[in-house]
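The sequence shown begins at 1 in UniProt numbering and counts up by one.
The structure under discussion appears below in the form of structure tokens.
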Amino acid sequence: MQIIVNGAATEVDDAITMAELIEQLQLGNRRLAVEVNAELVPRSRFPERRLAPHDQVEIIHAVGGG
Numbered sequence: 001m002q003i004i005v006n007g008a009a010t011e012v013d014d015a016i017t018m019a020e021l022i023e024q025l026q027l028g029n030r031r032l033a034v035e036v037n038a039e040l041v042p043r044s045r046f047p048e049r050r051l052a053p054h055d056q057v058e059i060i061h062a063v064g065g066g
């Protein structure tokens, strides 16, 4: 199925979870903020949050600094 990740069309498996998408994108060990269709998804819900065709996903990497 096709979803939009940070503005780019992306092909993923049907009914993929947010956790699976994060792993597929090799972002598993990073601090992230994720929205699906403009709704914030808490990290604790990544394993259960399934994506649907044409979902709009925004993934923001938290960067520390000082």
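Positions of the beta carbon are idealized from the N, C-alpha and C atoms, including for glycine.
Because the structure is a prediction, the values reported are computed rather than measured.
A direct Cα-Cα distance of roughly 10 angstroms separates E20 from L51.
Taking 8 angstroms as the cut-off, the beta carbon of N37 is found closer than this to the beta carbon of Q56. Shown here, I60 sits in a strand according to DSSP, grouped into three states.
For A15, the closest of A8, A9, Q26 and Q2 by C-alpha to C-alpha distance is Q2. Between the beta-carbon of V5 and that of I59 there is about 7 angstroms, and that keeps the pair under the 8 angstroms contact cut.
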